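Asks:
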Amino acid sequence: MDVSAEFVAQITRSQRQLHSFILSMVWNPAEADDVLQETNLVLWEKAAEFDTDRPFLPWAIRFAQLQALAWLKRRRRQQRVVFDDDLTRLLADEAAREEVVFEERRQALAACLQKLPSDQRDLIARRYEPAGSVNAMAEVVGTTPKAVSDRLRRIRHALLQCIRRQLGEATA
Amino acid sequence: MTTAADLEGLFNRLADGLASEDDEQRLGAVLRSGPASRRAYREFMALHSALHWDYVAAALPEPTAPPSLSHPPPGRPPRATWLVAFGAGVLLATAAAVILVLLRPAPPSTERTGSEQSTAPATPDAPRADAVAALLVDGVGSEFAPGRGPNGVRFGPGDYELVKGVIHLRFAQGADMVLAAPARIEVTDAQHTRLVSGKVRVVAPPTAKGFTVATRAADYVDLGTEFGLRVDAASGASDLYVFDGQVNVTDPQSGAVLPVTGGKSSRAIDGRSAPAPPFREGDFPTPGSIGLKRWEEYERQTRADRTLLAFYPFRRQPDESVLVNAVEGGGMADGRIAGARWTTGRWPGKDALLFDRDTDFAQVAIPGEHQELTIATWVKVERIDFVLNAILNSDGAEPGGVHLQLNRQGFVRGGVIVEGPFQDTLVGKSVPLGSWVHVASVISARARSQQIYVNGALARERRWQSGVPLKPGQCRVGNWLPDPTDKFRIRALRGQIDELAVWGRVLSAEEVGRLVEAGRPGLLWSKE
Numbered sequence: 001m002d003v004s005a006e007f008v009a010q011i012t013r014s015q016r017q018l019h020s021f022i023l024s025m026v027w028n029p030a031e032a033d034d035v036l037q038e039t040n041l042v043l044w045e046k047a048a049e050f051d052t053d054r055p056f057l058p059w060a061i062r063f064a065q066l067q068a069l070a071w072l073k074r075r076r077r078q079q080r081v082v083f084d085d086d087l088t089r090l091l092a093d094e095a096a097r098e099e100v101v102f103e104e105r106r107q108a109l110a111a112c113l114q115k116l117p118s119d120q121r122d123l124i125a126r127r128y129e130p131a132g133s134v135n136a137m138a139e140v141v142g143t144t145p146k147a148v149s150d151r152l153r154r155i156r157h158a159l160l161q162c163i164r165r166q167l168g169e170a171t172a
Numbered sequence: 001m002t003t004a005a006d007l008e009g010l011f012n013r014l015a016d017g018l019a020s021e022d023d024e025q026r027l028g029a030v031l032r033s034g035p036a037s038r039r040a041y042r043e044f045m046a047l048h049s050a051l052h053w054d055y056v057a058a059a060l061p062e063p064t065a066p067p068s069l070s071h072p073p074p075g076r077p078p079r080a081t082w083l084v085a086f087g088a089g090v091l092l093a094t095a096a097a098v099i100l101v102l103l104r105p106a107p108p109s110t111e112r113t114g115s116e117q118s119t120a121p122a123t124p125d126a127p128r129a130d131a132v133a134a135l136l137v138d139g140v141g142s143e144f145a146p147g148r149g150p151n152g153v154r155f156g157p158g159d160y161e162l163v164k165g166v167i168h169l170r171f172a173q174g175a176d177m178v179l180a181a182p183a184r185i186e187v188t189d190a191q192h193t194r195l196v197s198g199k200v201r202v203v204a205p206p207t208a209k210g211f212t213v214a215t216r217a218a219d220y221v222d223l224g225t226e227f228g229l230r231v232d233a234a235s236g237a238s239d240l241y242v243f244d245g246q247v248n249v250t251d252p253q254s255g256a257v258l259p260v261t262g263g264k265s266s267r268a269i270d271g272r273s274a275p276a277p278p279f280r281e282g283d284f285p286t287p288g289s290i291g292l293k294r295w296e297e298y299e300r301q302t303r304a305d306r307t308l309l310a311f312y313p314f315r316r317q318p319d320e321s322v323l324v325n326a327v328e329g330g331g332m333a334d335g336r337i338a339g340a341r342w343t344t345g346r347w348p349g350k351d352a353l354l355f356d357r358d359t360d361f362a363q364v365a366i367p368g369e370h371q372e373l374t375i376a377t378w379v380k381v382e383r384i385d386f387v388l389n390a391i392l393n394s395d396g397a398e399p400g401g402v403h404l405q406l407n408r409q410g411f412v413r414g415g416v417i418v419e420g421p422f423q424d425t426l427v428g429k430s431v432p433l434g435s436w437v438h439v440a441s442v443i444s445a446r447a448r449s450q451q452i453y454v455n456g457a458l459a460r461e462r463r464w465q466s467g468v469p470l471k472p473g474q475c476r477v478g479n480w481l482p483d484p485t486d487k488f489r490i491r492a493l494r495g496q497i498d499e500l501a502v503w504g505r506v507l508s509a510e511e512v513g514r515l516v517e518a519g520r521p522g523l524l525w526s527k528e
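For the protein sequence lines, the chains are A and B, in the order given.
With the UniProt record's numbering, you'll find the first sequence wraps up at 172, consecutive numbering, no jumps.
With the UniProt record's numbering, you'll find the second sequence wraps up at 528, consecutive numbering, no jumps.
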């Protein structure tokens, strides 16, 4: 299999964006990992068809879109009702146009995480550690999943606000 | 009007697995309402993704070497390393490293529901210590490589290597897998297993549709069927033989699917398919063959016991009226079958006699006088029709005759016909209907006592005063030749018997327990 170094670099660079796009359809990050891996295998298979003169992400995200839809169908997931072909394509097209800003936001997030109070960082860490979930966290501290989710919502809101400030965007 | 706060609340519920159906419906409307909503959604999901990416990567140790195509250790599935590889930005210096990463066997996706909590422990990332993907149902002569065996009968996600014997696993969603040594498997979860080498037979009921066995060459997706699969460790070739139903052979690289249906076979090697070698009977042991094999081993060992007077293995002969005694020199002859018909016993291939008419029985003779006797049998009672229901009763009611029978409530009773009073102590449970049960009667004229064991547990004890030697003489199995004066003259058994052994000594409770263990229909069979 003749795969150019350029292709390798492209597929590597696009991993986070592909994951983010897939996650917007499957919602569960670990499940998005699975779909991303399936997508990577397909991309690898299709490497020879990739036109190096064209942007990589719009080409790759199309396969992520197909894999995510196929995955939802296999899993008989409710999201199929939400994500029909038209909406999925719209989300994919818009995501593919935001390559630069996506990377800027990611870097801003790193700075914003540093600014979080340590207890909030701990909460985020426990939520996103492998197998972490609001239900598991609620059990540990003896509260409801909704109460944990509400705390997370406030932290996520703070992070989103911080990212906007970092990028000089107007706050909502 | 939907505010930004409303949207964030909705997105959060989706991310945390708390969204209702209404929320999901609403999301569709929101995303179709305009680019601003979609942008907010994209930004939120990018944050959700980035936090997962960063914290999963941070929580996992970085690999010290490029991932290889070799087997990952249990509990460390490929995806974890894969994520670290990309998340931490390592391993990407050369195309070769990426080729290894990309071509790693894809871990099967775990079925998840919308709630992350309900499924989180099942994710391959974090197999819980007590996660059980399959249970050991049965086995014969099985030995595992050090550190590659199950936890008792529990098979969690991990690597297993069977070096001797045959085992039968039942996966949590119902798929049965029979593994013959030498074989190595990697269990991922209840629906996904990798066959590294060796051969398996898979029987998947509808509940296990989609049960997948992956090999180096292909993924085999069971659509509710029965098949045999063999992986040659040297060449990597996978040979599939579909006995019934359909198996989809999927090329993990291209995604190409080759359906193989009942009676057909297929070989996968180096990414292409080829004709499989001819199927040989016995290549793929069946679940039932394990119990039978275990029983045959037990029979061989038991027959060597010099204290046995008789061992009737209930093996059908060309002359179907003969009940063969496999022990020579014990002083007991073959039995004679009258009415009772041959049927299937504890396992396929094991014969049994069916007693379901008032006139059905098998005649055996236990000649001579004895101070001690043990009579043990495997019986499956279908129904209790009479006040007393004979398992083995001496003809008539002569002193020294022995009885072993069930009463209307299913309690085993009996003993020796003696003069004078006797005391029965009821201590155990009754015989369950419709399942195989081991019943043993241990009688000592010397101690003037009898113990009856049901599935190895003491069920009744009898003591008497008068000294009479044991003289069973002519006996009927599954019936009784009545004493003309008895008021309960019909004692016909309704059920099956597939083994009968008679010792000229008392067996200890431990010995009876070992008989139960050796002859149990399966490892999941309950003594209760």
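Glycine is no exception: its CB is placed at the ideal position from the N, C-alpha and C atoms.
Here the structure is a predicted model, which is why all the values come from computation and not from measurement.
1. Check whether the Cβ of A/K146 lies closer than 8 Å to any heavy atom of the ligand COA, and answer yes or no.
2. Does the separation of the CB atoms of B/E511 and B/G345 fall below 9 Å?
3. Do you know offhand how far B/S394's Cα is from B/N479's?
4. Suppose you measure from the CA of B/F361 to the CA of B/L388; what does that come to, to the nearest Å?
5. Listed from N- to C-terminal order along the chain, which residues in the stretch 114-143 of chain A have their beta-carbon within a distance smaller than 8 Å of any beta-carbon of chain B?
6. Taking Cβ-Cβ distances shorter than 9 Å, what residues in chain A pair up with B/R13?
7. Label B/E186 either buried or exposed according to how many other C-beta atoms from any shown protein chain fall within 10 Å of its C-beta, with 16 as the threshold for buried.
8. For residue 179 of chain A, does the three-state DSSP call read helix, strand or coil?
9. Which one of B/R446, B/S444, B/Q451 has the shortest CA to CA distance from B/G428?
10. Could you tell me if B/K350 is buried or exposed, where buried requires 16 or more neighbouring beta carbons within 10 angstroms of its beta carbon?
11. Quick one: residues in its chain with C-beta nearer than 6 Å to the C-beta of residue 174 of chain A, no 5 flanking neighbours on either side, listed in chain order?
12. With a threshold of 16 other CB atoms inside 10 Å of the CB of B/K487, please say whether the residue is buried or exposed.
13. Buried or exposed: where does B/G198 fall if 16 or more other Cβ atoms within 10 Å of its Cβ makes it buried?
14. Going by DSSP in three states, B/P66 sits in which element: helix, strand or coil?
15. Smallest Cα separation from B/G263: which of B/V242, B/T250, B/R272, B/N248?
16. Would you identify the three-state DSSP class for B/S254, choosing helix, strand or coil?
17. Short of 7 Å in beta carbon distance, which residues of its chain neighbour B/R154, apart from the five on each side in sequence? Order them along the chain.
18. A/E94 touches chain B at which residues, Cβ-Cβ below 9 Å?
19. Is there at least one Cβ from chain B nearer than 9 Å to A/F56's Cβ?
20. Just the C-alpha distance for B/T343 and B/I384, rounded to the nearest angstrom, thanks.
21. Could you check the C-alpha separation between B/A397 and B/G456 for me, to the nearest Å?
22. Which value, in whole angstroms, describes the spacing of the CA atoms of A/Q10 and A/F56?
23. If B/A204 sits next to B/T225, beta carbons under 8 Å apart, how far is it from one beta carbon to the other, in whole angstroms?
24. Anything in the stretch 302-314 of chain B with a Cβ closer than 8 Å to a Cβ of chain A? List those residues in chain order, please.
25. Who are the Cβ neighbours of B/Q317 in its own chain at under 7 Å, not counting the five residues just before and after it?
26. List, from N- to C-terminal side, the beta strand (DSSP E) runs of 3 residues or more that fit wholly inside the UniProt domain "RNA polymerase sigma-70 region 2" (11-77) of chain A.
27. On the criterion of 16 or more Cβ atoms from any shown chain inside 10 Å, does A/E103 qualify as buried, or is it exposed?
28. Considering Cα atoms alone, identify which of B/R460, B/D358, B/Q474, B/W436 is closest to B/G522.
29. Under a three-way DSSP split, which group does B/R342 fall into?
30. With burial defined as no fewer than 16 other Cβ atoms inside 10 Å of the residue's Cβ, what is the status of B/R520: buried or exposed?
31. Helix, strand or coil for B/D219 per DSSP?
32. Excluding the five sequence neighbours on either side, which residues of its own chain have a C-beta within less than 6 Å of the C-beta of B/R76, listed in chain order?
33. Using the Cβ count rule (16 or more neighbours within 10 Å means buried), how would you classify B/L229?
34. For B/Q25, count the other beta carbons within 10 Å of its own beta carbon; 16 or more makes it buried, fewer makes it exposed. Which is it?
35. Taking DSSP as the reference, what is the three-state secondary structure of B/E398?
36. Can you confirm whether A/Q65, when its beta carbon is compared against all beta carbons of chain B, has any partner nearer than 9 Å?
Replies: On the basis of the supplied data:
1. Ligands displayed in this structure: none; no statement on the ligand COA is therefore possible.
2. no
3. 9 Å
4. 15 Å
5. I124, A125, R127, Y128, E129, P130, A131, G132, S133, V134, N135, A136
6. K146, S149, R153
7. buried
8. The question about residue 179 of chain A has no answer here: the residues shown for chain A are numbered 1 through 172.
9. B/Q451
10. buried
11. Outside the shown range of chain A, which is 1 to 172, sits residue 174 of chain A, and nothing can be said about it.
12. exposed
13. buried
14. Summary for B/P66: the model assigns pLDDT 30, below 50, so the residue's position carries little reliability; its value from the coordinates is reported in the next sentence. Coil at B/P66, not helix or strand.
15. B/V242
16. coil
17. V132, L135
18. P35, R38, R39, R42
19. no
20. 20 Å
21. 28 Å
22. 7 Å
23. 6 Å
24. none
25. V324
26. none
27. exposed
28. B/W436
29. With the sequence shown as reference, residue 342 of chain B is identified as Trp, and Arg is not the correct amino acid for it. Reduced to three states, the DSSP call for B/W342 is strand.
30. buried
31. strand
32. Note on B/R76: pLDDT 30, under 50, position unreliable in the model; the coordinate value appears next. No residues qualify anywhere along the chain.
33. buried
34. exposed
35. coil
36. no
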